[in-house]
Structure formats: C-alpha cells, structure tokens
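Per the working numbering, the sequence shown runs over residues 32 to 188. Even for Gly, the Cβ is constructed at its ideal location relative to N, Cα and C. Take a look at the structure set out below.
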Amino acid sequence: MSCPNMDGCELFVQFASNPALEIWKNHFCLSSNDNCARFKLSNQNKPVPLTLLPNGKVLTMVRSSSQLGTTALFNSIAKSRTRMVGSLIRAGVDINACNIEGTTAMMAAVEAESEDIVRLLLENEADAGLRNIHGQSAYDIAVEQKNASLMTLLSDA
32 MSCPNMDGCE LFVQFASNPA LEIWKNHFCL SSNDNCARFK LSNQNKPVPL TLLPNGKVLT
92 MVRSSSQLGT TALFNSIAKS RTRMVGSLIR AGVDINACNI EGTTAMMAAV EAESEDIVRL
152 LLENEADAGL RNIHGQSAYD IAVEQKNASL MTLLSDA
C-alpha cells in the first residue's frame, strides 16, 4: 500500500536533491511508509534534512547541504513546482544562493516566467536586487522578456 500522504507530500521535493533517491521513493513511498524516517519526522512537524534517507541513514557527499538545497531549488523552479519551492524554503534552503553564472532562484523563476514562484520568493524575502555575472538583476531579465506582470511585481520589491 502506498503512503497515504503521497499526493500532497512535501517529502517528494527533497528526493529531487539527488536522482539516486528514486529507489527510496519507490520502496518507502510507493509501497510502505511505516518505517520511513522522513515520514516520521514530517508527521512530528520537525524539519526533514535533505540528506536524510527513508531508512534513517544520512547521506554523506562531497557536495554541501547548501549545494544540494540549491540544486533541488533550481530543479523545482525549472519544473514550475511552486509547492516544492515552498517546501524547500521551509526546510531552510538559501533562496539567495546562486549557480556558477550568478543566477539566483529569483532570476531562474523570472526566466521560467513563474509569477507564483517569484511572488513566493519575494514573500520569503529573497533579494531581487542581486546581479548575475552579466550584471543583470531579476528585474532586468523580466524587462528583457517583456513580461509586464513580473516587471510590476519586481518593481514593488
């Protein structure tokens, strides 16, 4: 029997931090969640670390938890998964972190033309004034895309 919380589960977003975790999702979420350490923490309203496996073991990787969180955040934005972005924010992901080109989550959301995610990031105090390696801010990207609603949203920030 699959996990009763699977449809609205915020834990799925945390699996996005590492595609290798797909097997865990299949084993714990799609079959039985009784022994899932992640599910138990979530039910206790405790933060669920991005590196915690369903069996209770913690991943140790060369990448930092900040890098994992940033990867999951950018993946969620690229897929327009607003709820996942919200879950990552609640889990403590740095919403002002940037990739190698200096692109922030805000810039990625503008590039994806996701007004909901831009609004969510602003509500959680993301810095809309940061600039990438090309000197562009999120607002500049919205102007370049001629997206009036995002320009308005960002000009009020």
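Should G117 go down as buried or exposed, given a rule of 16 or more other Cβ atoms within 10 Å for buried? buried
For A140, which residues of its own chain have a beta-carbon under 7 angstroms away from its beta-carbon, when the five flanking residues on both sides are left out? I108, I148, V149, L152
If you scan the segment 63-131 from start to end, which runs of the alpha helix (DSSP H) of 4 or more residues do you find wholly inside it? 68-74, 96-109, 113-121
Close Cβ partners of I164 (< 7 angstroms) along its chain, the five nearest in sequence each way excluded: E132, G133
Output the distance between the C-alpha atoms of T113 and I172, rounded to the nearest integer angstrom. 20 angstroms
Tell whether a beta-carbon distance below 8 angstroms holds between A169 and A179. no
Excluding the five sequence neighbours on either side, which residues of its own chain have a C-beta within less than 7 angstroms of the C-beta of G39, listed in chain order? Because G39 carries a pLDDT of 49, less than 50, the predicted location of this residue cannot be relied on, and the following value inherits that uncertainty. Once the five neighbours on either side are set aside, G39 has no close Cβ partner at all.
From the DSSP secondary-structure annotation, give me the bridge partner or partners of T135. C129
Hey, out of K71, E142, A136, whose CA is closest to G87's CA? K71
Taking M182 as the reference, give the member of M137, L84, M115, R121 with the closest Cα. M137
Coil, strand or helix - D158 by DSSP: coil
When DSSP labels each residue in this structure, what does M32 get in the three-state scheme? Note that M32 scores 48 on pLDDT, short of 50, meaning its location in the model is unreliable and no value can be drawn from it.
Quick one: grab the DSSP three-state call for A188. coil
Below 8 angstroms on the Cβ atoms is my contact criterion, and I expect N130 with L161 to pass it. Report the Cβ-Cβ distance as a whole number of Å. Actually they are not in contact, since the Cβ atoms of N130 and L161 sit about 12 angstroms apart, beyond 8 angstroms.
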